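Participant:
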Amino acid sequence: MTLTHKFLSATAALALTAGAALADPALIFDLGGKFDKSFNESAFGGAQKWAAETGGKFGEFEITSDAQREQAIRQFAEGGSNPIVMAGFSWATPLETVAKDHPNTKFVIIDMVVDAPNVRSVVFNEHEGSYLVGMMAAMASESGTVGFIGGMDIPLIRKFACGYAQGVTAVKADAKVIANMTGTTPAAWNDPVKGSELTLAQISQGADVVYAAAGGTGVGVLQTAADQDILSIGVDANQNYLHPGEVLTSMLKRVDVAVYDAFKAGDKVEVGVNVMGIANSGVGYALDEHNAALVSADMKAAVDAAAAKIASGELKVHDYMSDEKCPALTF
Amino acid sequence: MDFFTFVQILDATLRFATPLLLACLAGLFSERAGIFDIGLEGKMLVAAFLAAAVAATSGSVWVGLMAGIAGSLVLAVVHGLAAITFRGNQLISGVAVNFFASGITVVVAQSWFAQGGGTPQLSGDARFAAIIWPGALTKIRELRAADPLTQTYSELISGHAIIVYIALALVPLSWWVLYRTRFGLRLRAVGENPAAVDTAGISVVRLRFAAVLIAGVLCGLAGAYLSTALQAGFSKEMTAGRGYIALAALIFAKWRPWHALWACLLFGFLQALALRPDVLEGVIGLKVQGQLLDALPYILTVIILAGFVGKAIPPRAGGEPYVKER
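Sequence order for the protein chains is A and B. Note that my numbering has the first sequence beginning at -10, numbered continuously upward. Note that my numbering has the second sequence beginning at 22, numbered continuously upward.
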């Protein structure tokens, strides 16, 4: 056995033992990082909840570059983890490859649909949740101008923006929605400097409520909004606590529930497409002690009424991703 | 476009230009002494991380600033040792500094704070607050209603972190040091013809180390500005190529301090403009894609370098290690 072989087998053995023991679930985070106070952190929260309830262990990994994706999934699949949950649309391409090679492992992908017999795809009706916070933004705005700051310019984020704009115009037909995207590369999820500059720019155009759907970039948006005494709206996780009294609400996308459900079902997790919307509490808005003073009874009543209509199918919010068009906003 | 929007764009220009200007001056000192410094980016990154990390731990931004400068100085010394003492290739040493910084900051941040390669959010004394000049307004919505003079005063002149003012003051200071002092004359000479300086009985090595250390301090300031003034905390790769833009600005400025100021302000202006597609749309009358605006600073650099500033001639001994005897 040559030295190289020794090293290789040693690393392989290490990798196997380092991965979770047989049939423990695993969670892989996206580039924003586990503690982005948003999407990934919400996923982590779900996994932690499962661990606290069952006492089980789960494998986890944070990638630092796009090149690691396929390897990360393979590592867990070969280590025997089941199911393997990955948070983020960018996992779709590597997962299509890996899922074929491990037909007995169940995979769960959040935010994207992968068509394979052993993959569960969880997608959210972000446009519905965004519609609700858009209504609240329009009601809270004094200037009649509200802002939207997205992360990377992709159809998914435009779906957020489009739902938001529809909510705003449903309340105030003449309201103005300013929408900006941070960038066109994955770096846009992690650029708080640009986030706060965009916020300043939107405030100077008259915006007094700003909705950030931008991962780690949103931290800069919320910070600047608080510094400038305007309201902001958080996304994915409940971000109201970041600046109590300055964050109007957060558009909840229950990534934590998706992860929790998958972990709980274990290797018997149901495959296929799972849509989480207002009807099954997959999306919604956050109300807690930090924003209670900002949300008036009228506001709550109006939003809850709209939520009930959306849930029953009476009110249909246009989904940007269905035809790449938005009736309420031009990009 | 109204007057206030214009003032605001200039205000953002100043914020964007400050780290560029500090890094550009750092490169100016180093390259004028004959040491190419590709590692501006890495030094800024390490300084940004240490400044935020130590400020978060100690609660004082000044302690953080010192730590940031110290970290940047360590890398400057490494670059100096490789490039001056051991006469290595300066570009390779600079690239090594960048790679090292980009990896080490995330690893240390992760094991220190476990927050995905960043530091916690800074607040209060752990962050450089904006200096509000007497009588200046701070809220954009109040400012909107004020008269143009108040707007200019409150937005453009008042309300920046102290490092912004320091950076601006460093421009005339650098000019004075380089062109009006004996040290500056020798420093420039060592970048043009080190043998002549050596013949005059002055240590080339000491002068070059002095230049590299000055660059280290300036990069430290630039990095600390990013993480503790412009932003409230470090996030991975937060310098985002500013070190390289500073190098482009340095060439654009033909290695002169006042020109460096204008070059950095121009690049800062372009970055600020990229954030205001609405303004551009209003002025030129058609919708411009954000991607094009983001690329604009680079496109302009290429165009300008290709023919509008004339020939940019670097210091003659730049990049060459000085060998006393063969």
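Ideal Cβ positions, reconstructed from N, Cα and C, are used throughout, including at glycine. Keep in mind that this is a model prediction, so the values were computed, not measured.
Going by other Cβ atoms of all chains shown within 10 Å of its Cβ, with 16 needed for buried, is Ser54/A buried or exposed?
Facilitator: Burial call: exposed.
Participant: Excluding five sequence neighbours on each side, which residues of the same chain lie with their C-beta closer than 6 angstroms to the C-beta of Leu314/B?
Facilitator: Correct list, in chain order: Ala295.
Participant: Tell me the DSSP secondary structure of Met75/A in three-state form.
Facilitator: Three-state DSSP puts Met75/A in a strand.
Participant: Interface residues of chain A around Ala253/B at Cβ under 7 angstroms?
Facilitator: Per Cβ cutoff of 7 angstroms: Gln212.
Participant: Count the other CB atoms, across all protein chains shown, that sit within 10 Å of the CB of Asn93/A; report buried if there are 16 or more and exposed otherwise.
Facilitator: Exposed, because fewer than 16 other Cβ atoms sit within 10 Å of the Cβ of Asn93/A.
Participant: Closer than 7 angstroms by beta-carbon distance: list the chain A residues that pair up with Ser256/B, in chain order.
Facilitator: Those within 7 angstroms of Ser256/B in chain A are Asn179, Pro181 and Gly205.
Participant: Write down every uninterrupted run of the alpha helix (DSSP H) in the segment 234 to 296 of chain B whose length is 4 residues or greater and which is fully enclosed by it, in chain order.
Facilitator: Here the runs fully enclosed are 263 to 273 and 278 to 295.
Participant: Output, in sequence order along the chain, the residues in the segment 127 to 151 of chain B whose CB is closer than 8 angstroms to any CB in chain A.
Facilitator: Listed in sequence order: Val127, Ala135, Gln136, Gly137, Gly138, Gly139 and Gln142.
Participant: Is it buried or exposed for Tyr153/A, if we count other Cβ within 10 angstroms and need 16 for buried?
Facilitator: Classification for Tyr153/A: buried.
Participant: What residue does the beta strand (DSSP E) around Leu283/A start on, and which one ends it?
Facilitator: Counting along the chain, Leu283/A falls outside any beta strand (DSSP E), and DSSP gives it neither H nor E.
Participant: Can at least three beta-carbon pairs, one atom from the segment 78 to 95 of chain A and one from the segment 158 to 173 of chain B, be found at a separation below 8 angstroms?
Facilitator: No: fewer than three Cβ pairs fall under 8 angstroms.
Participant: Got a sec, what are the start and stop residues for the beta strand (DSSP E) Lys242/A sits in?
Facilitator: Start and end: Val236 to Lys242.
Participant: Which partner residues of Gly261/A appear in the DSSP bridge assignment?
Facilitator: Gly261/A pairs with Arg109/A.
Participant: May I ask which residues mark the beginning and end of the beta strand (DSSP E) holding Asn169/A?
Facilitator: Note, Asn169/A: beta strand (DSSP E), Lys165 to Gly172.
Participant: Report the option in Leu286/B, Ala221/B and Ile183/B whose CA atom is closest to the CA atom of Leu86/B.
Facilitator: The residue with the shortest Cα to Cα distance from Leu86/B is Ile183/B.
Participant: If you run the structure through DSSP and keep just helix, strand and coil, what is Thr126/B?
Facilitator: Residue state, collapsed to three classes: helix.
Participant: Tell me which same chain residues have a C-beta within less than 6 angstroms of the C-beta of Gln172/B, skipping the five on either side of it?
Facilitator: Closer than 6 angstroms at Cβ, skipping near neighbours: Phe25, Val28 and Leu164.
Participant: 9 angstroms is my cut-off, CB to CB: does Thr6/A come that close to chain B?
Facilitator: Its pLDDT being 46, under 50, Thr6/A is placed unreliably in this model, and the value from its coordinates should be taken loosely. Not closer than 9 angstroms to any Cβ of chain B, the Cβ of Thr6/A fails to qualify, so no.
Participant: Determine the DSSP secondary structure at Ala221/B, reduced to helix, strand or coil.
Facilitator: Ala221/B falls in the coil class under three-state DSSP.
Participant: Does the CB of Met259/B have a neighbour CB from chain A at under 9 angstroms?
Facilitator: It does; some Cβ of chain A falls within 9 angstroms.
Participant: Note down the Cα distance separating Leu276/A from Met240/A, rounded to an integer number of angstroms.
Facilitator: If you take the alpha carbons of Leu276/A and Met240/A, they lie about 10 angstroms apart.
Participant: Pop quiz: Phe255/B and Phe70/B are said to be a contact at Cβ under 8 angstroms. What is the actual Cβ separation, rounded to whole angstroms?
Facilitator: Correct: roughly 5 angstroms between the Cβ atoms.
Participant: Between the alpha carbons of Thr158/A and Lys165/A, how many angstroms are there, rounded?
Facilitator: Spanning the two alpha carbons is a distance of roughly 8 angstroms.
Participant: Under three-state DSSP, which class holds Phe149/A?
Facilitator: Helix at Phe149/A.
Participant: Please classify Arg209/B: is it buried, with 16 or more other beta-carbons within 10 angstroms of its beta-carbon, or exposed?
Facilitator: Its Cβ being crowded by 16 or more others within 10 Å, Arg209/B is buried.
Participant: Tell whether a beta-carbon distance below 9 angstroms holds between Tyr249/A and Trp39/A.
Facilitator: Going by C-beta atoms, Tyr249/A is nearer than 9 angstroms to Trp39/A.
Participant: Which term fits Ser278/B, buried or exposed, when burial requires 16 or more other beta carbons within 10 angstroms of its beta carbon?
Facilitator: Residue 278/B is actually Pro in this sequence, not Ser. Buried, because 16 or more other Cβ atoms sit within 10 Å of the Cβ of Pro278/B.
Participant: Is DSSP giving Glu51/A helix, strand or coil here?
Facilitator: Three-state DSSP puts Glu51/A in a strand.
Participant: Let me make sure I understand the geometry here. Which of Ile161/B, Thr34/B and Gly55/B has the alpha-carbon closest to that of Glu213/B?
Facilitator: Closest option to Glu213/B, Cα to Cα, is Gly55/B.
Participant: Please compile the residues from chain B whose C-beta is within a distance smaller than 9 angstroms of the C-beta of Thr53/A.
Facilitator: Near Thr53/A (Cβ distances below 9 angstroms), the residues of chain B are Val127, Gly138 and Lys257.
Participant: Alpha carbon to alpha carbon, how far is Pro144/A from Cys315/A? Give it in angstroms, no decimals.
Facilitator: Going by the C-alpha atoms only, they are around 11 angstroms apart.
Participant: Within this structure, are the beta carbons of Arg243/A and Ser270/A separated by less than 9 angstroms?
Facilitator: It is a contact, given that the beta carbons lie within the stated cut-off.
Participant: Comparing alpha-carbon positions, which option in Ala190/B, Ala267/B and Val192/B lies nearest Lys64/B?
Facilitator: Taking only the C-alpha atoms, the option nearest Lys64/B is Ala267/B.
Participant: Shorter than 9 angstroms from the beta carbon of Ile17/A to some beta carbon of chain B?
Facilitator: Not an interface residue.
Participant: Let me see if you follow: with CB-CB separation under 9 angstroms, is Ala317/A close to chain B or not?
Facilitator: So no, Ala317/A is outside the interface.
Participant: Of the residues that make up the segment 166 to 178 of chain B, which ones have a beta carbon closer than 8 angstroms to any beta carbon in chain A?
Facilitator: Flagged: no residues at all.
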